[in-house]
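The sequence shown begins at 80 in the numbering used here and counts up one residue at a time.
The structure appears right after this line, and notes come after that.
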Amino acid sequence: MREYSGISPRATVGLESKLIGPRQHFLIGEQSYLNRAHLSCGPHSRVVIGRSCAIGYNVSIKAITHSLAKPTNNEAGPIIHLERDIVIGDDCWIGDNVYIREGVTLGNNVIVGANSVVTRSVPDNRVVAGTPARVIKEL
80 MREYSGISPR
90 ATVGLESKLI
100 GPRQHFLIGE
110 QSYLNRAHLS
120 CGPHSRVVIG
130 RSCAIGYNVS
140 IKAITHSLAK
150 PTNNEAGPII
160 HLERDIVIGD
170 DCWIGDNVYI
180 REGVTLGNNV
190 IVGANSVVTR
200 SVPDNRVVAG
210 TPARVIKEL
């Protein structure tokens with residue numbers, strides 16, 4: 080991970096994790112760890128993960144997606160992407176099989192239950208779960 084200047088040397092990125100996008104657009108704080116995660120961003124978006132975060136297995140954090148107007152390459156031209164930063168605060172725990180979509184911000188001390196789909200931002204000190212994820216508890 081040395082080629083990723085925004086990833087703390089004190090962070091752990093699991094061997095089967097995939098980081099797809101410009102290397103300088105991934106920022107991961109110290110003492111955070113990713114198990115088998117998939118992070119993606121484009122030239123106009125970033126994925127920012129704070130300090131001391133726990134990211135479970137099969138988590139997808141995608142700051143880039145297909146636009147509804149032009150989701151594929153075809154005779155009419157190339158795909159059009161939609162990009163928005165994803166920011167995850169400090170001390171967050173994201174359970175296994177979670178999907179976090181473009182533009183979402185998770186505050187500090189947020190817990191996301193396993194198998195959730197996070198489509199909206201979450202303030203500090205909350206537990207969210209479900210599809211779509213909803214606040215189920217304040218910490």
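Heads up, the beta-carbon is just placed ideally off N, CA and C, and yes, glycines get one too.
For clarity, every value in this text was computed on a predicted model and none was experimentally measured.
Min CB distance residue i to chain D below 8 Å
i    : result
G168 : Reference to chain D is not applicable here, since this structure consists of a single protein chain.
Helix, strand or coil at residue i [DSSP, three-state]
i    : result
R102 : helix
V166 : strand
H160 : strand
K216 : strand
L94  : coil
R125 : coil
L113 : strand
Same chain only: Cβ atoms within 7 Å of residue i, ignoring 5 sequence neighbours per side
i    : result
R213 : V207
E219 : As displayed, the chain neither begins before 80 nor continues past 218, which places residue 219 out of reach and without an answer.
Contacting residues, own chain, Cβ-Cβ under 8 Å from residue i (five flanking each side not counted)
i    : result
P124 : For the sequence presented, residue 124 should be read as Ser rather than Pro. Closer than 8 Å at the Cβ level, and outside the excluded window around S124, lie G100, H104, A142, I143, E162, R163, D164, I165, E181.
S111 : S87, A90, T91, I128, G129, R130, S131, C132, A133, I134
Proximity below 8 Å, CB of residue i to CB of residue j
i    : j    : result
H145 : I128 : no
N176 : N114 : no
A116 : S96  : yes
Residues near residue i in its chain [Cβ-Cβ closer than 6 Å; skip 5 each side]
i    : result
S119 : I99, G100, K141, I143
**OP:** Check whether the stretch 168 to 188 touches the stretch 198 to 213, taking contact to mean three or more Cβ pairs, one atom from each stretch, closer than 8 Å.
**Re:** Taking a cut-off of 8 Å on C-beta distances, the stretch 168 to 188 touches the stretch 198 to 213, as three or more cross pairs fall below it.
Subject >> Inter-stretch contact (C-beta, 8 Å, three-pair minimum) for the stretch 182 to 196 and the stretch 148 to 160 >> reply: The stretch 182 to 196 is not in contact with the stretch 148 to 160.
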